[in-house]
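Residue numbers (our numbering), protein chains in the order written: chain A, 1 to 884; chain B, 885 to 995.
Remarks on the structure that follows.
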Amino acid sequence: MRPLKRFIARFSNYLAGRRGDERLREEIELHVAMQAEENRRTGMTPDESYRCARLKFGAVEVIREDYGAEKGLPLLDTLLMDVRYAIRVLCKSPTFTIVVILTLMMGIGANVVVFGVLDAVLLHPLEVSDPQNLYQVRLKPWMSGRLLTTSYPAFQDFQRKNTTFSGMAAINAYSSAAISWHGGALREVHGIETSGNYFDLLGVQPGLGRLFHASDEHGPGSAPYIVLSEELWRSSFNADRGVVGATVVLNTHPFTVIGVAEGRFHGTERFAWPEYWVPMVNEAQAEGGYDYLHNRSAPAVTVIGRLKPGVTPRRATEDLNAIEAELSKDYPTTDRGLEMRLIRPGLYGDEGDVIRGFIFSVTVLALLVLAAACANLTSLFAARAADRSRELALRVALGSSRLRLVRQLLTEAVIVSLAGGAAGVATAALLLRLLSRWRPPYGHLAISVDLRIYTVGLALALGSALLFGIIPAWQASQSNPLQAMSHGAEGSPRLRRFAFRDLLLCAQIVICTVLVAASLVAARGMVRALHAPLGIQPTEVMLAEMDLGQLGQAGETALEREKEMIEAVRGIPGVTSVGTANVTPMSGGARGIPVFRTGTTELTFGNSVLSTRRYVISPGYLAAAGTRLLGGRDVSWHDTADTPQVAIVNETFARVMWGDSPAIGQRFILFGGQMEVIGVAEDGKYHDLAESPEAAVYRPSSQEVESDVVFVVRSQRAPKEIARELQRTLGGIEPNAPLSLRSWPDALSGVMFPARAATVALGVMGMLAAMLAVTGIFGMAAYGISRRMKELGIRVALGASKTQLMRAAVGRPMALLGLGSALGLLAAIVARPLLSQIVYQANPSDLVVVGGAVLTMTLLGTAAAAIPAVRALAIDPSELMREE
Amino acid sequence: MDVQRGTLALMVLKTVDVMGPLHGYGIARRIEQISGDLLAVNQGTLYPVLLRLEQEGAIASEWRPSENNRRARFYRLTSAGRKLLDAEKNDWEKTAAIIARFFAVRAQDLE
Numbered sequence: 001m002r003p004l005k006r007f008i009a010r011f012s013n014y015l016a017g018r019r020g021d022e023r024l025r026e027e028i029e030l031h032v033a034m035q036a037e038e039n040r041r042t043g044m045t046p047d048e049s050y051r052c053a054r055l056k057f058g059a060v061e062v063i064r065e066d067y068g069a070e071k072g073l074p075l076l077d078t079l080l081m082d083v084r085y086a087i088r089v090l091c092k093s094p095t096f097t098i099v100v101i102l103t104l105m106m107g108i109g110a111n112v113v114v115f116g117v118l119d120a121v122l123l124h125p126l127e128v129s130d131p132q133n134l135y136q137v138r139l140k141p142w143m144s145g146r147l148l149t150t151s152y153p154a155f156q157d158f159q160r161k162n163t164t165f166s167g168m169a170a171i172n173a174y175s176s177a178a179i180s181w182h183g184g185a186l187r188e189v190h191g192i193e194t195s196g197n198y199f200d201l202l203g204v205q206p207g208l209g210r211l212f213h214a215s216d217e218h219g220p221g222s223a224p225y226i227v228l229s230e231e232l233w234r235s236s237f238n239a240d241r242g243v244v245g246a247t248v249v250l251n252t253h254p255f256t257v258i259g260v261a262e263g264r265f266h267g268t269e270r271f272a273w274p275e276y277w278v279p280m281v282n283e284a285q286a287e288g289g290y291d292y293l294h295n296r297s298a299p300a301v302t303v304i305g306r307l308k309p310g311v312t313p314r315r316a317t318e319d320l321n322a323i324e325a326e327l328s329k330d331y332p333t334t335d336r337g338l339e340m341r342l343i344r345p346g347l348y349g350d351e352g353d354v355i356r357g358f359i360f361s362v363t364v365l366a367l368l369v370l371a372a373a374c375a376n377l378t379s380l381f382a383a384r385a386a387d388r389s390r391e392l393a394l395r396v397a398l399g400s401s402r403l404r405l406v407r408q409l410l411t412e413a414v415i416v417s418l419a420g421g422a423a424g425v426a427t428a429a430l431l432l433r434l435l436s437r438w439r440p441p442y443g444h445l446a447i448s449v450d451l452r453i454y455t456v457g458l459a460l461a462l463g464s465a466l467l468f469g470i471i472p473a474w475q476a477s478q479s480n481p482l483q484a485m486s487h488g489a490e491g492s493p494r495l496r497r498f499a500f501r502d503l504l505l506c507a508q509i510v511i512c513t514v515l516v517a518a519s520l521v522a523a524r525g526m527v528r529a530l531h532a533p534l535g536i537q538p539t540e541v542m543l544a545e546m547d548l549g550q551l552g553q554a555g556e557t558a559l560e561r562e563k564e565m566i567e568a569v570r571g572i573p574g575v576t577s578v579g580t581a582n583v584t585p586m587s588g589g590a591r592g593i594p595v596f597r598t599g600t601t602e603l604t605f606g607n608s609v610l611s612t613r614r615y616v617i618s619p620g621y622l623a624a625a626g627t628r629l630l631g632g633r634d635v636s637w638h639d640t641a642d643t644p645q646v647a648i649v650n651e652t653f654a655r656v657m658w659g660d661s662p663a664i665g666q667r668f669i670l671f672g673g674q675m676e677v678i679g680v681a682e683d684g685k686y687h688d689l690a691e692s693p694e695a696a697v698y699r700p701s702s703q704e705v706e707s708d709v710v711f712v713v714r715s716q717r718a719p720k721e722i723a724r725e726l727q728r729t730l731g732g733i734e735p736n737a738p739l740s741l742r743s744w745p746d747a748l749s750g751v752m753f754p755a756r757a758a759t760v761a762l763g764v765m766g767m768l769a770a771m772l773a774v775t776g777i778f779g780m781a782a783y784g785i786s787r788r789m790k791e792l793g794i795r796v797a798l799g800a801s802k803t804q805l806m807r808a809a810v811g812r813p814m815a816l817l818g819l820g821s822a823l824g825l826l827a828a829i830v831a832r833p834l835l836s837q838i839v840y841q842a843n844p845s846d847l848v849v850v851g852g853a854v855l856t857m858t859l860l861g862t863a864a865a866a867i868p869a870v871r872a873l874a875i876d877p878s879e880l881m882r883e884e
Numbered sequence: 885m886d887v888q889r890g891t892l893a894l895m896v897l898k899t900v901d902v903m904g905p906l907h908g909y910g911i912a913r914r915i916e917q918i919s920g921d922l923l924a925v926n927q928g929t930l931y932p933v934l935l936r937l938e939q940e941g942a943i944a945s946e947w948r949p950s951e952n953n954r955r956a957r958f959y960r961l962t963s964a965g966r967k968l969l970d971a972e973k974n975d976w977e978k979t980a981a982i983i984a985r986f987f988a989v990r991a992q993d994l995e
């Protein structure tokens, strides 16, 4: 308490500029006068008495200094002095200062952006209570993009039998519905169906009205309630508080709005924000007829749960596995007895590993950029300190302590780096704001530019200041003033210091080569992704999605409607082919459906041969989608419920089932029915670009009616025109069905997103690195030449040829460039695991990448060394000699 | 010197405690009288100590006419200063007692 009081007093004195010692002077005067009086009383002469009094008082100057030091904050005083001096010095060389600030701005800015994303995606906890003991149940094998893992009945069994979770909730995040209110316009919204205990498990509060609870559920169809997200409430309900209690129609079914969730809650997935929540017991109404509540074979829910206090994830996993093993005995045809594991929810299930790896790797690369920047700045500062050696020597000679000298140089480093950091953070904040407003196909990314981000920026700025400031400062303080004064700039430990700078430049080039190679790898990955055999030809295709089931149509009527619409679309001028599918590849859909050989009697999972994806298609779909039929025939409208059940399979399916023998005419069992193979289609990608070949089967829509219909329309007309035509044609036939139109490449942009994000991230890093390489080499060459002007002049005077001159002038930076690039490429090849976190099948030893990196570095190096080299060539020895 | 500085602060506190408001010269005189040579030379060192104590809030000061009607800065103990003095006094007494016991101990007492 006392030191604080004292500090406040001193600080206020300091701020008020009360450094004067009027009071002390007066007190001293009085003191001495009184002492003198006293002395006089003992019989001294007036002169004598004053002299003795002063002697007794002691050295006035020392006391005044002590007093002043006690009164104000001398440390702050000298610090300010250092700062003022540093600013003056920096202003004297504006080019240098600006280059340093820009370099730091890029280095720190890149890192702050990466940290902002890292913070938002990985560090920031989910907006639920106690996020640390919340887990998501997954099957043991690593599975990309498959969020649904368990059937609803199995979830109920888990919920009832487990002993390790304090609560367990089921989520189906694939709910979508046409919503209308007051008979108002239909709008397609996406939300989630959850078990009743969902909100209570997560500790979510209502923003308005109430939320639903486990007590609201009384069997299927018993809770027609809907909770709106704040965004949906604002955008579609005009933030009307009266909406609570109102009835909205989801598809054809009425639901009562009971509340709005609190604004900060966006479900348990970080990127996919639901627009509404409905109780799972009412999923059949919300989904338009599809009932998964009683279906043990459909993986329909994602399970999240909270562990009881003291229970380890491992014990919980063992518990779950024991239950699953039990279930597989009770229900051998449907429950597979697969092993489970627990993960943290929030990042699309197992995609979290990919996302974490990606962000981690990009963080490492961003730090490398900053490291290269610091190496660059270290050599710049060292060069500058060497140039200023005379000034510094003078200060030492005049009695400045070496510590003070180090402090001065460090102050300069800190000031530029704070300026660079501020510029970097400002740019980064701007970019982060743009990023969080941007809606990538992967969903929302909410980045708040908050104190943490500023703190990281500050820490990076100070850290880099230490990194690039301390070595030059220490070096400068070690120099001998006498030598520096007498020899001028060409100080003696030059050779050693040059070697040190060489090392720095080499390190910088190595890092830059790694980054350039990395961005080339990413570019290659992007190209590969764009040209990967997709099994479809998405260009010039328009997708029109429609849900007939939402209008209560099913079975034969829906099929007739579909036929009618296909014919109408075919009639649109410019449409070359058209077909429908229940779902298009790489947009979700059923998978993992077991396939059995004919003659299998017990249809248990153990007896299945393979598991497949399934698409329900109309005649003409394959042609419209651009999927090649390798043999056999397309499905036809003549394949009906009364004719044999038929299917088209893909190459992988045929190979796994029947090896090399022809597939056409073979039979297999799917969903308990006998199928006959009528055609074989080419393989494709069904979930993402990185997947290995998977089996797929196509079934005619005339034999297996699905209410979801996507029209795949191929046409060479402009997408906008064709979209308008489709809207008119389809809307004319079915005015009440919500129709969503997208071009296929747009719809696939989500699939391309990882490759695009990697290319952008690595491209930016590579570009920053390239710029740093240029400034580094340029700085080194230019500095070397300016220092050696005299020497080069003598060489010219003695008759050195241009080649010899060039070798002397830029030989060293070029040699370093070669060495650095070679080491960098080696490093990039060694860092392959890191790169493969970012880019699928990263191969830095690829000839194109190696060649490209070498070429880039050579070009950059040549460009950077060109200006100094020209300067060296233009040396006029006679002029130079006269100058010094 | 540091020890002396600390003790000097304590002496100042005790002095203004016993004597009431006093100016710098008065305090110096008083300490000199009691402690002998501690302030026989370098009396000026007293003033930084006074400033420090005042900044810490242990003493307060104001201008007042001195006994022979000259403007002088008078220092007096504050309530915080009294608390500090009591605490310091306690500490000193404890320390002094311990040290005294150590000096009183003879070799055979320890066996």
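Note that the Cβ used here is the ideal one computed from N, Cα and C, for glycine as well.
Being a predicted model, the structure only gives us computed values, none of them experimental.
Give the residues of chain A in contact with L935(B), contact being defined as C-beta atoms less than 7 angstroms apart. Y67, E70 and K71
C-beta contact flag for V260(A) and L208(A) at 7 angstroms: The answer is yes: Cβ separation under 7 angstroms.
Should L201(A) and G779(A) be called a contact, given that it needs their Cβ atoms to be closer than 7 angstroms? no
Counterpart residues of F596(A) in DSSP-defined beta bridges: I669(A)
Excluding the 5 residues flanking M895(B) on each side, which residues of the same chain have their C-beta closer than 7 angstroms to its C-beta? I915 and S919
Strictly under 7 angstroms for the Cβ-Cβ distance: is Y909(B) near chain A by that measure? Closer than 7 angstroms: yes.
Is the Cβ-Cβ distance between E972(B) and K5(A) less than 7 angstroms? no
Counting C-beta neighbours from all protein chains within 10 Å, is the total for E893(B) 16 or more, i.e. buried, or is it exposed? According to the sequence shown, residue 893(B) is Ala rather than Glu. So A893(B) counts as buried.
Is G107(A) close to chain B, meaning its C-beta is less than 7 angstroms from at least one C-beta of that chain? no
Given that a residue counts as buried once 16 or more other Cβ atoms are within 10 Å of its Cβ, and exposed if not, what is E490(A)? Here the model assigns E490(A) a pLDDT of 47, short of 50, so the residue's position is not dependable, and the following value carries that caveat. Of the other Cβ atoms in all chains shown, fewer than 16 fall within 10 Å of the Cβ of E490(A); this residue is therefore exposed.
Could you confirm whether any beta carbon from chain A is found closer than 7 angstroms to the beta carbon of E916(B)? Not closer than 7 angstroms to any Cβ of chain A, the Cβ of E916(B) fails to qualify, so no.
If I measure Cβ to Cβ from R433(A) and keep anything under 7 angstroms in the same chain, skipping five residues before and after, which residues do I get? V449
Could you tell me how far apart the beta carbons of A770(A) and T856(A) are, in whole angstroms, since I believe they sit closer than 8 angstroms? The Cβ separation is near 7 angstroms, so the contact holds.
Nearest-angstrom beta carbon gap, V595(A) and T612(A) [assumed within contact, 8 angstroms]: 5 angstroms
Where does V796(A) sit, in a helix, a strand or coil, going by DSSP? helix
At which residue ranges does the segment 376-429 of chain A contain complete alpha helix (DSSP H) runs of 4 or more residues, listed in the order of the chain? 389-397
If we cut at 7 angstroms on Cβ distances, does P905(B) have a partner in chain A? At least 7 angstroms separates the CB of P905(B) from every CB of chain A.
Taking its Cβ as the centre, do 16 or more other Cβ atoms sit within 10 Å of P949(B), making it buried, or is it exposed? Exposed, since its Cβ has fewer than 16 Cβ neighbours within 10 Å.
Quick check on the DSSP output: the beta strand (DSSP E) that includes V850(A) runs from which residue to which? Here V850(A) belongs to no beta strand (DSSP E); instead the alpha helix (DSSP H) covers L847 to L873.
E940(B): contacting residues in chain A (beta-carbon distance under 7 angstroms): R2, K5 and R6
What in chain D is Cβ-close to F57(A), meaning under 8 angstroms? In the displayed structure, chain D is absent; the protein chains listed are A and B.
Pair within 7 angstroms by beta-carbon distance, V810(A) and A865(A): yes
At the level of alpha carbons, what is the spacing between G43(A) and V60(A)? 25 angstroms
Buried or exposed for K140(A), please, with buried defined as at least 16 other CB atoms from any protein chain shown within 10 angstroms of its CB. Its Cβ having fewer than 16 others within 10 Å, K140(A) is exposed.
Can you confirm whether Y959(B), when its beta carbon is compared against all beta carbons of chain A, has any partner nearer than 7 angstroms? no
Does the Cβ-Cβ distance between G184(A) and N282(A) come in under 7 angstroms? no
Let me confirm a value: C506(A) is counted as buried when at least 16 other C-beta atoms fall within 10 Å, else exposed. Which label applies? buried
For G713(A) versus V569(A), is the C-beta distance shorter than 7 angstroms? Note that residue 713(A) is Val in the sequence shown, not Gly. Contact flag set, yes.
Contained beta strand (DSSP E) runs [length at least 3] in the segment 328-380 of chain A, N- to C-terminal order: 340-343
Any 3 or more C-beta pairs closer than 8 angstroms across the segment 721-730 of chain A and the segment 649-666 of chain A: no
Span of the alpha helix (DSSP H), counted from its first residue to its last, around M780(A): Element bounds for M780(A): S749 to R787.
So, is T45(A) buried or exposed, given that buried needs 16 or more other C-beta atoms within 10 angstroms? exposed
Just by C-beta distance, which residues in the segment 385-413 of chain A are closer than 7 angstroms to chain B? none
Counting only beta-carbon separations shorter than 7 angstroms, does A956(B) have a partner in chain A? Yes, A956(B) lies at the interface with chain A (some Cβ there is under 7 angstroms from its Cβ).
Could you tell me how far apart the beta carbons of A316(A) and S151(A) are, in whole angstroms, since I believe they sit closer than 8 angstroms? So it is not a contact: roughly 20 angstroms between Cβ atoms.
List, in chain order, every chain A residue whose beta-carbon is nearer than 7 angstroms to that of P949(B). Result: empty, since nearest Cβ-Cβ is about 11 angstroms, beyond 7 angstroms.
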